[in-house]
Amino acid sequence: MIICPACREEIEDDSHYCDQCGQALLFCNQCGRVGLGRRCTHCGGLMVSADVRQSQKQDMTSAGPSRFSTNMSTGVSISREAAPRGGIPVLTLANDSLNIRIVAMNGAIIGRRKGPYTQFFEQQAYVSGVHAQLKYKAESGWCITDKHSSNGTKLNQRTIQPDVDMSLHNGDVLTIANINLQVIIR
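Quick note on UniProt numbering: the sequence shown kicks off at 1 and runs consecutively.
Below you can see the structure in the form of structure tokens.
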């Protein structure tokens, strides 16, 4: 059973709409939680309809068991390629004048309200609640992705487009809203 995010009534797991209030159900494409709005309030993932979610699950299942595992608590398949592996270089984002030193985690959200780094940004009014996401890709290394933030993300003073992965390199300057962070990769 799941809880409708609009009316808080309990409904069947395979529902596409709440049978109590009629609300269309949206599921996070990353963690599988039910919610409202464009982004998941838990992990920052995109919210998708039940039909899209079902299609994604079928696509993952047809790719074979060796590349995907299923999270039993949510029932969502997750690519093992996204999981951290040994040999990943350590990414640190630093601003010594603001006393910020972030050691990156693969898939982590940078934001004022969500993600593991909120203690650095919760008092920064220009940083969005879910501002950007850090990712490690075997083919391109560490990347930053703007998550439709209000005040933008820049890499070496160039604004990056939302939902576009941009590779980070040692010595780059990453700007989250109005905060400059030195990129250190070792």
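Quick reminder that beta carbons are idealized off the backbone N, C-alpha and C, glycines included.
- Cα atoms of residue 168 and residue 107: separation of roughly 14 Å, rounded to the nearest angstrom.
- About 5 Å separates the beta carbons of residue 186 and residue 90, which is inside the 8 Å limit, making them a contact pair.
- Listed in chain order, the non-local C-beta contacts of residue 9 below 6 Å within the same chain comprise 20, local neighbours out to five positions each way being set aside.
- The way I'd put it, the region 111-129 does touch the region 149-165; three or more beta-carbon pairs between them come closer than 8 Å.
- At the C-beta level, residue 181 and residue 88 stay beyond 8 Å of one another.
- For residue 94, the CB contacts under 8 Å within the same chain, skipping 5 residues up- and downstream, are 100, 101, 102, 181, 182 and 184 in chain order.
- Counting along the chain, residue 119 sits inside the alpha helix (DSSP H) bounded by residues 118-121.
- As computed with DSSP, residue 50 is found in no beta bridge at all.
- The way I'd put it, the region 157-177 does touch the region 124-137; three or more beta-carbon pairs between them come closer than 8 Å.
- A Cβ-Cβ contact shorter than 8 Å links residue 15 with residue 25.
- With distances taken between CA atoms, residue 157 lies nearest to 177 out of 128, 177, 44 and 11.
- Contact annotation, residue 45 with residue 31: C-beta distance approximately 6 Å; criterion of less than 8 Å satisfied.
- Spatial neighbours of residue 120 in its own chain (CB-CB distance under 6 Å, excluding positions within 5 residues in sequence) are listed in chain order as 100.
- In terms of Cβ geometry, residue 160 and residue 127 do not form a close pair [threshold 8 Å].
- Secondary structure of residue 149 (DSSP, three-state): coil.
- A check of alpha carbon separations from residue 6 across 12, 36 and 29 identifies 36 as the nearest.
- In this structure residue 4 touches residue 18 by the C-beta definition: roughly 4 Å separates them, less than 8 Å.
- In the structure shown, residue 15 falls within a coil segment according to DSSP collapsed to helix, strand and coil.
- Note on geometry: alpha-carbon atoms of residue 50 and residue 43 lie some 18 Å from one another.
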